[in-house]
Amino acid sequence: MSVPRFEPGQEFAVAMDQSDPLAHFRERFCMPKISGGEECIYLCGHSLGLQPKSARDFLEQELRDWADLGVEGHFHAKNPWMPYHRLLTEQTAALVGAQPAEVVVMNSLTVNLHLMMASFYRPTAARHKIVIERGAFPSDQYAVKSQIRFYGFDPETSLIELTPREDESCLQDEDILALIEREGDSIALIMMGGVNYSTGQVFDMAEITSAGHRKGCVVAFDLAHAAGNIPLQLHDWGPDFAVWCSYKYLNGGPGCVAGCFVHERHAQSSDLPRYAGWWGHEEKVRFQMEPEFRPMAGAEGWQLSNPPILALAPLRASMDIFAEAGMDRLRAKSVALTGYMEFLLRQGSSNKFSIVTPREENRRGAQLSLRLRHHGRAFCEKLAADGIIGDWREPDTFRVAAVPLYNSFEDVYRFVQRFASAIS
Ligand SMILES: Cc1ncc(COP(=O)(O)O)c(C=O)c1O
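The working numbering puts the first residue of the sequence shown at 132, with every later residue one more than the last.
Here it is in structure tokens:
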């Protein structure tokens, strides 16, 4: 969408919504309400995306087929369950810029991260370090530290945390690349968020991957805050693996099945060590119940269990909507919404908060992280009681995201009005 110069009055928001080609998608989602029945201003898609109204039909279809067919549903359901997860493959691949064989929807995020590290973190005495950004999501920190300890190393000496410069909140791209250049020979794995959960900073995944590979490191990303938020080109950027969850921008529902990418160059590496399960076994002979594991080629070879159909069904509803809206159009609207929110927030030039998310549009997605100077969690809870749903991350950050599928410019306008008046 084309974005004129932002203006402070509400008429601007109304006009933007009127000319927004994606505005009608809002009607396809269930918007939470506060007790009086008024719709919330929901700015929390970075935490839990909203329910597509069509999710119910997708789910009910599978419940009906289960009721009517029992075990026969594996082959005779309207959408047979045996290959059901593949109904998501093409759309998932398109969303993350991958070949279909490079992606699979399975497990949950932290589980996939461990499965991938079991294969791709192979520390040696000379090359044992893992690089992560300081302040990465705790589950990622726990996961990498536990992997380091699992191999008898010590996070004190084997974990490198990328740290912002003094008095800065975000990392400088050049500092990331310089560290890789400097320490690369001892780094086994670079495993960073594609978008940092706390600051909302987008990292230059293409550059980080090239720099890491030049030094012989394995490169991976946690895309929990990136998938469905920013355009991704995983195949071309070339990381070895990536993992993400589907309950944030992807609207798959609480705890929904996660995603996993393994680059094509590893597709045939049947000798890679891995934790194996029957669903990763060569499909044609899976039911011959052989004792020896033979992995399928590609990302599917890392599957362990038969997939949870009832959890995949709502994700299909959302992925259909993504396919219809198109990531390019969503990104264009997202840039406009986030720029508009920043513009309005800076109007007040309040000394009560600062925006820690980078200003450059290629260094952020939908999320803005506001560091509050004098307010804490209670402030965020009070806003929520008034129907303004963002979230609080300790110690001082209020996170909000205007999501292009279901947020409007008026949402942004009304949020900033209420936020500004509450904070002063
Ligand atoms: C960046 C990041 N990594 C990991 C996780 C953990 O995800 P899960 O509970 O699905 O394993 C989250 C959850 O919000 C996250 O934001």
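The beta-carbon is built from N, C-alpha and C at its ideal position, and this holds for glycine as well.
Open item on the list: What does DSSP give as the partner residue(s) for residue 262 in the beta ladder?
Closed with: Here residue 262 refers to the residue found at position 131 when the sequence shown is read from its first residue. BP columns for residue 262 point to 291 and 321.
Task: Stretch-stretch touch, CB-based, cutoff 8 Å, three pairs: the region 366-374 with the region 241-258 - done: By the Cβ criterion, the region 366-374 is in contact with the region 241-258, since at least three pairs of Cβ atoms, one from each stretch, lie closer than 8 Å.
TODO: Within its chain, find whatever has a CB closer than 7 Å to the CB of residue 474; leave out the 5 residues flanking it on each side and keep chain order.
DONE: In the sequence shown, residue 474 corresponds to position 343, counting from 1. Cβ neighbours of residue 474 beyond the five flanking positions: 137.
Open item on the list: Could you check if residue 328 belongs to the surroundings of ligand 1, using beta carbon to heavy atom distance under 7 Å?
Closed with: Start at 1 with the first residue of the sequence shown, and residue 328 comes out as number 197. True, at least one ligand heavy atom lies under 7 Å from that Cβ.
Task: Cβ-based neighbour list, residue 342, same chain, cut-off 7 Å, excluding 5 preceding and 5 following - done: Within the sequence shown, the letter at position 211 stands for residue 342. Excluding residues within five positions, the ones whose Cβ falls inside 7 Å are 308, 311 and 312.
Open item on the list: Shorter than 7 Å, the distance from the beta carbon of residue 245 to the closest heavy atom of ligand 1, or not?
Closed with: Residue numbering aside, residue 245 sits at position 114 when the sequence shown is read from its first letter. Taking non-hydrogen atoms of ligand 1 into account, the C-beta of residue 245 is found less than 7 Å away from none of them.
TODO: Look at the alpha carbon of residue 369 and the alpha carbon of residue 535, and state the distance between them as a whole number of angstroms.
DONE: Stepping through the sequence shown from its first residue, residue 369 is reached at position 238. Stepping through the sequence shown from its first residue, residue 535 is reached at position 404. One alpha carbon belongs to residue 369, the other to residue 535, and they sit about 28 Å apart.
Task: Check: residue 240 C-beta below 7 Å from any heavy atom of ligand 1 - done: The residue given as residue 240 occupies position 109 in the sequence shown. Yes, Cβ of residue 240 sits closer than 7 Å to a heavy atom of ligand 1.
Task: Closer than 7 Å: residue 376 CB and nearest ligand 1 heavy atom - done: Numbered from 1 along the sequence shown, position 245 holds the residue referred to as residue 376. For residue 376, the distance from the CB to the nearest heavy atom of ligand 1 is below 7 Å.
Open item on the list: Applying the 10 Å Cβ sphere with the 16-neighbour rule, what's the burial state of residue 298?
Closed with: The count along the sequence shown starts at 1 and reaches residue 298 at position 167. By the neighbour-count criterion, in which 16 or more other beta carbons inside 10 Å mark a residue as buried, residue 298 falls on the exposed side.
Task: Cα-Cα separation between residue 504 and residue 511, rounded to whole angstroms - done: Here residue 504 refers to the residue found at position 373 when the sequence shown is read from its first residue. Here residue 511 refers to the residue found at position 380 when the sequence shown is read from its first residue. Taking the straight line joining both Cα atoms gives about 13 Å.
Task: Sequence-distant residues of the same chain with beta carbon closer than 7 Å to residue 533, five excluded per side - done: Position 402 of the sequence shown, counted from the first residue, corresponds to residue 533. Its chain contains 174, 468, 469, 472, 497, 542 and 543 as the residues whose beta carbon lies nearer than 7 Å to that of residue 533, once the 5 sequence neighbours on both sides are disregarded; these appear in chain order.
Task: beta-carbon residue 324 near ligand 1 non-hydrogen atom, thresh 7 Å - done: Position 193 of the sequence shown, counted from the start, is the residue given in the question as residue 324. Indeed, a heavy atom of ligand 1 lies less than 7 Å from the Cβ.
Task: N- and C-terminal bounds of the alpha helix (DSSP H) containing residue 511 - done: Residue 511 sits at position 380 when you count from the first residue of the sequence shown. Element bounds for residue 511: 508-516.
TODO: Check whether the Cβ atoms of residue 226 and residue 358 sit closer than 8 Å, and answer yes or no.
DONE: Taking the first residue of the sequence shown as position 1, residue 226 is located at position 95. Taking the first residue of the sequence shown as position 1, residue 358 is located at position 227. A contact, by the Cβ cut-off of 8 Å.
TODO: Look at the Cβ atom of residue 271, then the Cβ atom of residue 353, and state whether they are nearer than 8 Å.
DONE: Along the sequence shown, one-based indexing puts residue 271 at 140. Along the sequence shown, one-based indexing puts residue 353 at 222. In this structure, the beta-carbon distance from residue 271 to residue 353 falls below 8 Å.
Task: Classification of residue 158 by the beta-carbon crowding that lies within 10 angstroms, buried from 16 upward - done: One-based indexing of the sequence shown puts residue 158 at position 27. Answer is exposed; the Cβ neighbour count stays below 16.
TODO: Determine the extent of the beta strand (DSSP E) in which residue 157 is found, giving its start and end residues.
DONE: Your numbering for residue 157 matches position 26 in the sequence shown. Segment: none, residue 157 is in no beta strand (DSSP E) and carries neither H nor E.
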